[in-house]
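According to UniProt numbering, the residues represented by the sequence shown are 1 to 287, in order. Cβ coordinates follow ideal geometry from the N, Cα and C atoms, glycine included. Please read these numbers as outputs of a predicted model, since none were measured by experiment. All remarks here apply to the structure that follows.
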Amino acid sequence: MNKLLTQQASTFTKYFSTINWDQFVAGFFNKFFVLIFIIVIFGLILWIGRIIINRAFKQYTKSNFAITTNRTNTIHALTLNIFRYTCFFFLLYALLSTIGVPVGTLIAGAGIFSIALGLGAQGFVNDVVTGFFILLEQQLDVGDIVELGNVKGTVTSLGIRTTQVTSADGTLNFIPNRNITVVSNFSRNNMIATVDLYIGSNAPLEKIEAQIEAVNARLAPETPELSSAPKIIGPTLNKNNNLVYRVTMITENGKQDAIRSQFLAEYLTAIRAAKIDLGAQPKAPLI
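If you want it as structure tokens, here you go:
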């Protein structure tokens, strides 16, 4: 046993004695500084490229082209994403090549690893393909108010893999593009704003209508966001089967909530000033 240990120790001693430590240390520091140099160069490329892209799109938006600002912002964000991913790919390739990893040989002869990687990358490929068609068909643009599944908010970024949507409470949602199946876009067409006044069965409908018409005649000309004059529907039932007096109006997309609140406040103020009793309060919906 002692003889075996002695032989192993002798073998290790001979092995380490054959190493040229000066050359090893010099080679290590050479590669270390080369790696630092590569990282700095790619950092400068990213910084300069980002500046060039941002300035190019800034100049583009100043020109009078027939393209929406949201669409320009979408293409801008996508260009930055593609540029960043491309730089990171070449950076990784350069770093592996510098430390002596035969990247080309690994890619060419990966065999089973390539199959496994391909299966694992199916989700990524689905994200990229779905994102491409979303952009091609202009389903979404940065700044659009959308509902994707159970997430509703404003599109803040469109990438080749994920779409970012900011909810009304500030939550930033990252949605893989492959999970986007139904897109509800509230920023493309004019929207219908519905104003409901809860009334009782004995409410004076003629007096209510007169006050609403007076508010519409005064306020509608001062509201350029309206696409048409408000339409009085009259008494009806809402989704909770409460009796309401309904007025609808078509507004520019994204303006419907503000317009609804503005007209509702004016209706209530006018009705209160005329001392009109709307009747009973609405019943709580059954759960």
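Look at the Cβ atom of residue i, then the Cβ atom of residue j, and state whether they are nearer than 8 Å.
i    : j    : result
L135 : G200 : no
I208 : I276 : yes
T162 : N150 : no
T171 : Q164 : no
G159 : G131 : yes
D141 : T74  : yes
D196 : N241 : no
Whole-angstrom Cβ separation of residue i and residue j, contact assumed at under 8 Å?
i    : j    : result
N253 : S187 : 5 Å
F190 : I250 : At residue 190 the sequence reads Asn, which differs from the Phe that was named. The Cβ separation is near 5 Å, so the contact holds.
L148 : V183 : 6 Å
L95  : I53  : No, L95 and I53 are not in contact; Cβ-Cβ is about 24 Å, not under 8 Å.
I180 : Y267 : Contact flag wrong, Cβ pair sits at about 39 Å.
F42  : L80  : In fact, because the Cβ distance is near 16 Å, the residues do not count as touching under 8 Å.
L87  : L44  : The identity of residue 87 in the sequence shown is Cys, whereas the question assumes Leu. About 11 Å separates the two Cβ atoms, so there is no contact after all.
With 16 as the cutoff for other CB atoms within 10 Å, does residue i come out buried or exposed?
i    : result
I145 : buried
Q59  : exposed
D127 : buried
N216 : buried
I271 : buried
If you draw a straight line from the C-alpha of residue i to the C-alpha of residue j, how long is it?
i    : j    : result
T223 : I232 : 17 Å
L286 : F83  : Because the pLDDT of L286 is 44, which lies under 50, any placement of that residue in the model is unreliable, and the question is left without a value.
Y93  : V34  : 14 Å
R50  : A56  : 10 Å
A220 : Q256 : 14 Å
P204 : N185 : 39 Å
T236 : T269 : 22 Å
A265 : Y245 : 14 Å
Q262 : T194 : 12 Å
I99  : K31  : 7 Å
A210 : P230 : 14 Å
F124 : V40  : 29 Å
Q139 : L78  : 15 Å
S97  : V129 : 30 Å
Legend entry - Secondary structure, alpha helix (DSSP H): runs of 4+ residues fully inside the stretch 196-245: DSSP runs (the alpha helix (DSSP H)) wholly in the stretch 196-245: 205-219.
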